[in-house]
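S.K.: Chains as they are written, first to last, in my numbering: chain W, 1 to 325; chain Y, 1001 to 1325. All C-beta atoms in this analysis are idealised placements derived from N, C-alpha and C, irrespective of residue type, glycine included. Below is the structure I would like to discuss, written out as structure tokens.
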């Protein structure tokens, strides 16, 4: 793709329906050539923005699967409060304990293993798992329209990063395969490592149960991106109140910029939950915040001709959603 | 450059003298095609490995310059113990207080400013400053032979990162210009940010005086690279005991790998300090450690036909050392 494609009718967003949302995105792409190359930086939230996050996060499913296997060999594990709530699928018990504490307990299941072994487990899970209600492979939960946008940005020499409230290493293990984004451009919640020696006296990294710095939500998404990647975005995309500061950061850019909010309003093809309680943390639904602050709201139902990358590919017979280099 | 150049006589290291060191480096480059692309990762320490670190670190000079300007407007600053030692050039007083505490006090001079303003100050300093004894511009302290190696690795699709014991944001401000390395591939000591609002209610990042995690030396170089970049190196280059774990990490790779140690043994063209006390932290000079562990030692005096990039460029009339994309 080159810049002329953006302006010509052969535009890079075939899975987007015509309308003001697509016009806003295409307008930004057309303006991008006026942005200095070193400032062409875009960050995408992962869960609910680049792929499906319902009924639970894929990362949560991964840890749940690991927990079930561990409990098989060590039944006493099932008696720990966090794990009992998780195994019972008891959302209110999880809520009472706190999702963060539960997530940390689950992440602790991998204490002591090497980064390479963790990566192999994540990849194996992604390759073999199936979505619990949609019936599609976990590797097939990516939103095709967003992949088209990522690809278009890459064609304009953007540096594209992925941001997650979950663990960095989980997303990093599959970011190249899913999105063409290398591991060093993933910013999430960081688990600390210890440096030890293996049996041959060689350095060996081991995961700990400690979180480094802040859990990557809200303001921490901005401060963590700055410390780890070092550049502000001119485009940011998210879908929840935890992305508010990230989207406002992009909106503060002096030149062309775009803040995108994915509104999950499509119960037929995906899920509808934009107005649920979790979105009211700011005292209003996140879609209301978006309109008040001038972000571009993507209606999954109205703005996307197809939702999942594999569906778009099947419909068009083309290569939609294949991650680039 | 393509892979054939590595094997042909038109090799990519014109500033390296023939001999076993150059052979080891060229041998690694020739073997690199057997390394899976996602594992082609190389990290270079900055001070003393990619550019000159004597008589003091450039970053230290930058902070000293900032301190002098601040003291001009606020003479009471000069009475603080850390600053008194620095302004007097009193190395033993600095040593007694501890370089780390002194460095943090200096970094604290920039508390409250935005990342963008900090970057502009670093770039202005680099453009205008002169090395105190060599008389050359600060932008002209890069080692040409190392830039040739960085460029050769990039031609083989390596991901090249820069590692520093100093502040990440200082090196990151100039890494693209000096080495063609984007800001997100610089790993150093991280200063925390606070997210505030500016006068218009827009998000505004402000530097704090707090260090996030560990100062980036020794084992922390390895754990920080893992948490921030996520991939182990197959090539690592350093020059001091603080790089030991990093070089051992590269040496632990299963396929082709290279651990390079720059030996500063060239008092005529640069400095000679390999056997100084600071290198004895491991109970032996770092060059002894290197030979014991099988690293490749680069003698600046014997292995490099020219030291600084600009000198090589003047001699050859070519483009040696121009950072690539």
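Closest by CA to residue 145(W), which one among 294(W), 13(W), 137(W)?
M.R.: 13(W)
S.K.: Can you tell me whether DSSP reads residue 1267(Y) as helix, strand or coil?
M.R.: coil
S.K.: My understanding is that residue 1234(Y) touches residue 1039(Y), with C-beta atoms under 8 Å, so please give their C-beta distance in whole angstroms.
M.R.: 6 Å
S.K.: In or out: residue 207(W) buried (at least 16 other Cβ within 10 Å) or exposed?
M.R.: buried
S.K.: With DSSP collapsed to three states, give me the class of residue 1309(Y).
M.R.: helix
S.K.: Out of 1166(Y), 1015(Y), 1082(Y), which has the shortest C-alpha to C-alpha gap to residue 1190(Y)?
M.R.: 1166(Y)
S.K.: Indicate whether the contact test is met: 3 or more Cβ pairs, each with one atom in the region 1125-1144 of chain Y and one in the region 1281-1292 of chain Y, closer than 8 Å.
M.R.: no
S.K.: Flag residue 1205(Y) as yes if its beta-carbon sits less than 8 Å from any beta-carbon of chain W, otherwise no.
M.R.: yes
S.K.: Give the straight-line distance between the Cα atoms of residue 242(W) and residue 216(W), rounded to the nearest whole angstrom.
M.R.: 9 Å
S.K.: Count the other CB atoms within 10 Å of the CB of residue 1127(Y); is the residue buried (16 or more) or exposed (fewer)?
M.R.: exposed
S.K.: Using the Cβ count rule (16 or more neighbours within 10 Å means buried), how would you classify residue 1264(Y)?
M.R.: buried
S.K.: Using beta-carbon positions only, say whether residue 1172(Y) and residue 230(W) come within less than 8 Å of one another.
M.R.: yes
S.K.: Using a Cβ-Cβ cutoff of 7 Å, what residues of the region 213-234 of chain W are near chain Y? List them in chain order.
M.R.: Residues 213, 219, 222, 223, 226, 227, 228, 229, 230, 231.
S.K.: Given that residue 1115(Y) touches chain W, what residues does it touch there, using C-beta distances under 7 Å?
M.R.: Within 7 Å Cβ-Cβ: 226.
S.K.: Indicate the three-state DSSP secondary structure (helix, strand or coil) for residue 35(W) in the structure shown.
M.R.: If DSSP states are grouped into helix, strand and coil, residue 35(W) belongs with coil.
S.K.: Run the CB neighbour count on residue 1076(Y), radius 10 Å, all protein chains shown included, and call it buried at 16 or more, exposed below.
M.R.: exposed
S.K.: In the region 76-143 of chain W, which residue ranges form an unbroken beta strand (DSSP E) of at least 3 residues, counting only runs that do not cross its ends?
M.R.: none
S.K.: Is residue 1086(Y) closer than 8 Å to residue 1106(Y) when the C-beta atoms are compared?
M.R.: yes
S.K.: Skipping 5 residues on each side, what residues in its chain have a beta carbon closer than 6 Å to that of residue 1288(Y)?
M.R.: None.
S.K.: How far does the alpha helix (DSSP H) with residue 60(W) in it reach, from first residue to last?
M.R.: 58-73
S.K.: Just the chain Y side, please: which residues come within less than 8 Å of residue 261(W) by C-beta, in chain order?
M.R.: Neighbours of residue 261(W) on chain Y: none; closest Cβ ~16 Å, over 8 Å.
S.K.: Any beta carbon of chain W sitting closer than 8 Å to that of residue 1176(Y)?
M.R.: Residue 1176(Y) counts as touching chain W.
S.K.: In whole angstroms, give me the CA-to-CA distance for residue 47(W) and residue 23(W).
M.R.: So the two alpha carbons sit approximately 25 Å from each other.
S.K.: For chain Y, is any of its Cβ atoms less than 8 Å away from the one on residue 252(W)?
M.R.: yes
S.K.: With H, G and I counted as helix, E and B as strand and the rest as coil, what does DSSP make of residue 241(W)?
M.R.: helix
S.K.: If you reduce the DSSP assignment to three classes, tell me which class residue 43(W) lands in.
M.R.: If DSSP states are grouped into helix, strand and coil, residue 43(W) belongs with the strands.
S.K.: Check each candidate in 245(W), 214(W), 236(W), 198(W) and name the one with the smallest Cα separation from residue 1201(Y).
M.R.: 245(W)
S.K.: Rounded C-beta distance between residue 58(W) and residue 178(W)? I'm assuming under 8 Å.
M.R.: No, residue 58(W) and residue 178(W) are not in contact; Cβ-Cβ is about 11 Å, not under 8 Å.
S.K.: Which runs of the beta strand (DSSP E) fall wholly inside the region 183-242 of chain W and span at least 3 residues, in chain order?
M.R.: Qualifying beta strand (DSSP E) stretches, in chain order: 186-197, 203-212, 235-238.
S.K.: Nearest CA to the CA of residue 251(W): which residue from 41(W), 17(W), 15(W), 30(W)?
M.R.: 41(W)
S.K.: Please list, in chain order, all residues of the same chain as residue 1258(Y) whose beta carbon is under 6 Å from its beta carbon, the five residues on each side excluded.
M.R.: 1028, 1235
S.K.: Within 10 Å of its beta-carbon, does residue 20(W) have 16 or more other beta-carbons around it, so buried, or fewer, so exposed?
M.R.: exposed
S.K.: How many whole angstroms separate the CB atoms of residue 1015(Y) and residue 1306(Y), which I take to be in contact at a CB cut-off of 8 Å?
M.R.: 5 Å
S.K.: Taking residue 298(W) as the reference, give the member of 237(W), 313(W), 312(W) with the closest Cα.
M.R.: 237(W)
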